[in-house]
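Protein chains: 2
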Amino acid sequence: MANTENREPKVYSVSSVFLCFSIFYATVLLNCNHVHGQTSSVFACDVAKNANLSSYGFCDKSLSVEDRVSDLVKRLTLQEKIGNLGNSAVEVSRLGIPKYEWWSEALHGVSNIGPGTRFSSLVPGATSFPMPILTAASFNTTLFQAIGSVVSTEARAMYNVGLAGLTYWSPNINIFRDPRWGRGQETPGEDPLLSGKYAAGYVKGLQQTDDEDTDKLKVAACCKHYTAYDVDNWKGVQRYTFNAVVSQQDLDDTFQPPFKSCVIDGNVASVMCSYNQVNGKPTCADPDLLKGVIRGKWKLNGYIVSDCDSVEVLFKDQHYTKTPEEAAAKTILSGLDLDCGNYLSQYTGGAVKQGLVDEASINNAVSNNFATLMRLGFFDGDPSKHPYGNLGPKDVCTPENRELAREAARQGIVLLKNSPGSLPLSSKSINSLAVIGPNANATRVMIGNYEGIPCKYTSPLQGLTALVSTTYAPGCPDVQCANAQIDDATKIAASADATVIVVGANLAIEAESLDRINILLPGQQQQLVSEVASASKGPVILVIMSGGGMDVSFAKSNDKITSILWVGYPGEAGGAAIADVIFGSYNPSGRLPMTWYPQSYVEKVPMTNMNMRADPAIGYPGRTYRFYKGETVFSFGDGMSFGTVEHKIVKVPQLVSVPLAEDHECRSLQCKSLDVADEHCQNLAFDIHLSVKNTAKMSSSHTVLLFFTPPDVHNAPQKHLLGFQKVELPGKSEGIVKFKVDVCKDLSVVDEVGNRKVPLGEHMLHVGNLKYPLSVRI
Amino acid sequence: MANTENREPKVYSVSSVFLCFSIFYATVLLNCNHVHGQTSSVFACDVAKNANLSSYGFCDKSLSVEDRVSDLVKRLTLQEKIGNLGNSAVEVSRLGIPKYEWWSEALHGVSNIGPGTRFSSLVPGATSFPMPILTAASFNTTLFQAIGSVVSTEARAMYNVGLAGLTYWSPNINIFRDPRWGRGQETPGEDPLLSGKYAAGYVKGLQQTDDEDTDKLKVAACCKHYTAYDVDNWKGVQRYTFNAVVSQQDLDDTFQPPFKSCVIDGNVASVMCSYNQVNGKPTCADPDLLKGVIRGKWKLNGYIVSDCDSVEVLFKDQHYTKTPEEAAAKTILSGLDLDCGNYLSQYTGGAVKQGLVDEASINNAVSNNFATLMRLGFFDGDPSKHPYGNLGPKDVCTPENRELAREAARQGIVLLKNSPGSLPLSSKSINSLAVIGPNANATRVMIGNYEGIPCKYTSPLQGLTALVSTTYAPGCPDVQCANAQIDDATKIAASADATVIVVGANLAIEAESLDRINILLPGQQQQLVSEVASASKGPVILVIMSGGGMDVSFAKSNDKITSILWVGYPGEAGGAAIADVIFGSYNPSGRLPMTWYPQSYVEKVPMTNMNMRADPAIGYPGRTYRFYKGETVFSFGDGMSFGTVEHKIVKVPQLVSVPLAEDHECRSLQCKSLDVADEHCQNLAFDIHLSVKNTAKMSSSHTVLLFFTPPDVHNAPQKHLLGFQKVELPGKSEGIVKFKVDVCKDLSVVDEVGNRKVPLGEHMLHVGNLKYPLSVRI
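The listed protein sequences correspond, in order, to chains A and B. Its first residue numbered 1, the first sequence is counted upward by one per residue in the UniProt record's numbering. Its first residue numbered 1, the second sequence is counted upward by one per residue in the UniProt record's numbering.
The following block contains the structure:
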């Protein structure tokens, strides 16, 4: 268990840990350990053990989920219901309902971070995929879903042997709007469209069953942290008390779209509200955000859960309510169904007595929770009889699953620089390879946070050593690199045919509760890289292992550094994938899912300023490729392959005409935009076809990013991702990539008060260096 | 007691700590605590309490030390003598002799690092002077002695109230031959002459009494670590087992001279042998080094002590003897008198029984120890009747002593770069000062290691804030600086009239048992400095707080960095002294006591190679300004003042004639050198007078360094310090500096087999840029 022993302590909630280890030391300490993993072979509606259960409506599989839940809730006392408002739900033995631990995690593989899941000798590990920021770089929605599907299969397999839960609080789809954010690595990046596609894809992979009944869930996913959660701990500003001041335009245009896509396109079973406040209100106590948007507009079919202890936090740390009971009442009335923590189970009783909340609202909350468990089959008796009942330890860490982890890393890796004659290296001409850097022999670093125990690690050094004779020097005692050990490194670099330097970050640099202060390579890594490069006689491949972008301008402009690769945190097979790319058995096709800024950027921009749009009056340069006009180190969408791919537009309309009624206001000259809600806009779509030609001999996965620049109205983005596709091109081949553009959804912009509109006028389409004007008219 | 609580654990000997805390846990643990500080009001020959004592010869002050010791030793049993061979000497109650703890430290002020000394509410702290490396930079022998004198006064004051011992194992005078050495900060630098002058000066200050009887000691000093001890822990090479392979020429020319000067010129009362081996023999078991050189040639009047547990180390770690008894016998027979540790007291009895050592040798050893205590007055009855008996707490941390600590720092600080219009700053024109850097608000960092609790700290920030309005940003979370907080720093720099950046190292970077791997500024300090400099609008003063030199080439060549100061570890008043220099109330006059190499140097040179001279065959560049010809960042002797001082030689012979007998071998043409032992060379001396002219208006302390280059014979140094003097020059004044040159001592070189000779031919004298040829003829 070296993995868990070495892990940095992760404090989900200061207050709960405090409670657990000090006030109720003796008893609760036992509890804390005890709840890890589920109770094997105990489940609801176990008719074999208790024939009486068959008489209960909630155990009757022929009824609808709604009816079964309604039957169940009617049978419960108020206290029993309140006991089902927290993540460690209580048992109701008289009804044969066992306790259930809601909290499991599966950010990029089944994780043992939450108390609902653990590993054992039976299942010692699970497949650990790259951190989402790298998976997102593949721009491959099929891959997003395929990973989710493997993770849920392994999760079900572990559930069947009592090691895991059915409810996973993943993915994290907050917009990675600042390179310093410690949790950016958990997300799919800075673009709302990509984030939404990732969310929907990964959630479908986790949730979708083979059953015709689309209401059934393989496991329940959860999109978090709703919403505008993007600061962890920056210069003392803590997520627990941070008030994100967000304009309606930014909210609807940037922060909400991934969640909307997760709920509407992904049909997610849960959304988690965040610690922070948005415009002065804690998200978990904001009825507009929960009841209004999630349930009202987006029609969530599932439960809303709080980030761990955030109900407590909004009383104790934010002083948003005067009493704990008021906090309980406010959150439930706002639409919260489940509390990660024990605050609702402690204080909801009091809140009812004080008349702050009615039992109907509690019924509503527990109904949402129970409905989710119903859909998961938790109330369907013996799991071995379930559709996934035959899964078990043999289905975890299968060769196929592990190969997918390697494939995911390969597809995500981004080639940022490649001088002629550098990559790919040929194992025929390279007889010795110097492998250098604090992440060169990384194992745990590769699997990031919210991790499990992986099936097996292949470090970069191991991956490369499998292909060629290597020498190795870490170059730094650790990633922090206060004192680089430069001479050992330069020595081996000077005598090798080529050099690979693996630098970057780890969880000591960027993590939950740890935002960065600067975005340079940590410590003396820069000096190490420069000196090693200068001592090397052959090609020098700089590999950056990190979640957030790094200011590596020095390396970009150093001719001795012939290639730069960004590999995110590439998961258990990361080293093999890196070797695949370096030695050319895979042609890289990843594209950056976030802007890499220069250090000067973070010096100008307070992390706490949530505005996406620039404000020249205060020298605020704006955020992400959509609004930031300044210099970058690398840009969103950057990424090369070996050889070039040519794009040509082969089909696109020059003019899109929107049919309008004679009396429509946009028939006047003053009208600049067309409301998306307008009936004439519905179902108005057109095709764009592109020819993509691989001019090289080597086959290539190729990523096509279709951007557009809308007319300059309503502070619209200067550029915006309209769609993306990944295609496989054999050497010297040509293919056609087809996009269907929905005029209202895809060409619209959000105005200052949050209305989405299609602007009339010229929309410029971009694919690579290609630009194509498209006119939208009435 | 925040000071001691925060201290890094310092392991004097792994084995003794192990013994103390594991094998004899219960009893020895008590002992370990118990012996800290002396037993107040208990002393030998307390006739007032025991009238019988007056009949003993050893209590008779009218007898010579030799006779008293002889009387005492005759009265002791073998076991009692053996009990006086370790640092925690046993009591002999039947003779009224109390136990005594030998181990106290006073490297740069009374320290509580050794068990013999402690602080209490009675004396809560003592004056903490700069670390010796900075004091040495003053090139002021008067100052060396003045500091020693204050330290011994404070030590006596603490002894009188039972808080301190009389035997101090300071100074450390090993040659600082490699910038990576963690203990270089404890030494006076890389030059044998300067180190010898420092040793003699500081020892005289500690030891000399006002008494006419020069045999009396104020406290007993100890020069350590004899010899060629210069590696602590470098890439796993440990001082405990390191075998220093040293040529006879380097030994006699470089490593031994400071010890020779300490014993012969300083009359030190003790020498400590080191952990390491020299040419395959542990120094504490080498009769040639101890009996042969220290006692035989140099005539030490005092005791030889082992570094802590080195007797044990040479058996257990070096496997130099087959048994512990053999180790005890070998060291005693080699000339060791006292063991820091309990190995001699444990195993000498057995060694005697086995016939490995005779009682006469033990008598000799304890006689040396007792003689030292006699000279200190330990056997003279009530200390309050002693010459220093009136000293007490009132004499510690006096305003005068604390002012001397500030003066010492001021005199040592070295100005390495100063662009026109930079320093000194004027508090009239500077309205706001940005103070930046991980050492900007340093307190403990300033007092280095082997430290006490200081009277009071004045950090650089405090020192500067007393003179001008300041803003402050640390810029790095700590000195390691894995993640510089650059934006806070650049922000305040951009809005201030001038910027002071205090960077460098601390004991986490360079320390006992911690040699550096590289000599760049730790972590991201370099990036911090560059960015702050670029953001600053006014002068930028870079202050480097460190023991060893740093490769700050980047700062030297950066025009935005207008001044560079090196401040060593400047002691408790360091911040005030830095402010004195920056705002021009003191005109800096310090000169570097060691070469500052570029990083490329340490990459070429294994720390374990002890050769001082270059070996082009293996690309070995040699060490120190005396032998290294390559590029430096800054050179030995570098240092500027405000304004210029002009030198002119006003008196020097062009020719030195050595009168030789008709039949002297050097009358032949083949003879290239004249043996120092030759009678004709004795007392042959001449004067050099220099005029030094301060052309500036401001008064200036000025340091004159007189170097010479001998004829190119016997691989002689390319340049060698002949003498140095510090003079005080009022503004627009001229003075004469006089050197007396002893031809044999000062113009000689050491040949390959260790003979010191005066080479015939042209000796080139250097003072600053001035060169003057001097011919030595027969």
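Heads up, the beta-carbon is just placed ideally off N, CA and C, and yes, glycines get one too.
Taking the C-beta atoms as reference points, residue 583/B is found nearer than 9 Å to residue 425/B.
Taking 9 Å as the upper bound on Cβ-Cβ separation, chain B lies near residues 480, 481, 482, 483, 484, 485, 486, 487, 488, 490, 491 of the segment 480 to 496 of chain A. A distance below 7 Å between beta-carbons, with the five flanking residues on each side excluded, links residue 672/B to the following residues of its chain, in chain order: 713, 759, 760.
Within chain A, the C-beta atoms nearer than 9 Å to that of residue 523/B come from 480, 481, 482, 483, 522, 523, 524, in chain order.
Pairing residue 218/B with residue 139/B, the inter-Cα distance amounts to about 25 Å. Sorting 754/B, 427/B, 392/B by C-alpha distance to the C-alpha of residue 159/B places 392/B at the top. In the DSSP assignment, residue 772/B falls within the unbroken beta strand (DSSP E) covering 770 to 777. Contact annotation for residue 602/A against chain B: 487 [CB-CB distance below 7 Å, chain order]. For residue 439/A, no CB of chain B lies under 9 Å from its own CB, so it is not counted at the interface with that chain. Taking a 10 Å sphere around the C-beta of residue 121/A, we find fewer than 16 other C-beta atoms and assign the residue as exposed. Closer than 9 Å to the CB of residue 715/A there is not a single CB belonging to chain B. Around residue 435/B, the same chain offers 461, 464, 470, 472, 500 as residues with beta carbons nearer than 6 Å, after the five sequence neighbours per side are excluded. It is roughly 6 Å from the alpha-carbon of residue 47/B to the alpha-carbon of residue 54/B.
Residue pairing by DSSP places residue 399/A opposite no residue, since no beta bridge is assigned to it. CA-CA distance, residue 170/A to residue 107/B, rounds to 59 Å. Spatial neighbours of residue 414/A in its own chain (CB-CB distance under 6 Å, excluding positions within 5 residues in sequence) are listed in chain order as 137, 566, 590, 592, 639.
Look at residue 512/B: its C-beta is not under 9 Å from any C-beta on chain A. Within the segment 397 to 416 of chain A, no residue has its Cβ closer than 9 Å to any Cβ of chain B. About 7 Å separates the beta carbon of residue 569/B from that of residue 445/B, a gap short enough to meet the 8 Å contact definition. Residues of chain B with a Cβ closer than 8 Å to the Cβ of residue 516/A are, in chain order, 483. Scanning 91/A, 201/A, 117/A, 102/A for the CA closest to the CA of residue 143/A turns up 201/A.
The segment 609 to 627 of chain B makes no contact with the segment 676 to 690 of chain B: fewer than 3 CB pairs, one atom from each, lie closer than 8 Å. Using a Cβ-Cβ cut-off of 9 Å, residue 473/A does not count as an interface residue toward chain B, since no Cβ of chain B sits closer than that to its own. For the C-beta of residue 561/A, not a single chain B residue is nearer than 7 Å; the gap to the nearest is close to 18 Å. In the structure shown, the three-state DSSP call for residue 316/A is helix. The criterion of a C-beta distance shorter than 9 Å is satisfied by residue 228/B and residue 174/B. One thing to note: residue 195/B has its Cβ within 9 Å of the Cβ of residue 257/B. The C-alpha of residue 763/B lies about 6 Å from the C-alpha of residue 773/B. Residue 197/A holds the alpha-carbon nearest to the alpha-carbon of residue 145/A among 185/A, 104/A, 197/A. Rounded to whole angstroms, residue 404/A and residue 131/A show a C-alpha spacing of 14 Å. Listed along chain B, the residues sitting closer than 9 Å to residue 599/A by beta-carbon distance are 486, 487, 527, 531. Around the beta-carbon of residue 214/A, fewer than 16 other beta-carbon atoms lie within 10 Å, marking it exposed. Inter-residue distance for residue 710/B and residue 720/B is about 8 Å (C-alpha atoms, whole angstroms). Interface flag for residue 501/A against chain B is unset, since no Cβ pair is found closer than 9 Å. Annotation note: the UniProt domain "Fibronectin type III-like" (702 to 771) of chain A contains the following uninterrupted alpha helix (DSSP H) runs of length 4 or greater, listed N- to C-terminal: 743 to 746. A distance below 7 Å between beta-carbons, with the five flanking residues on each side excluded, links residue 300/B to the following residues of its chain, in chain order: 263, 271, 294.
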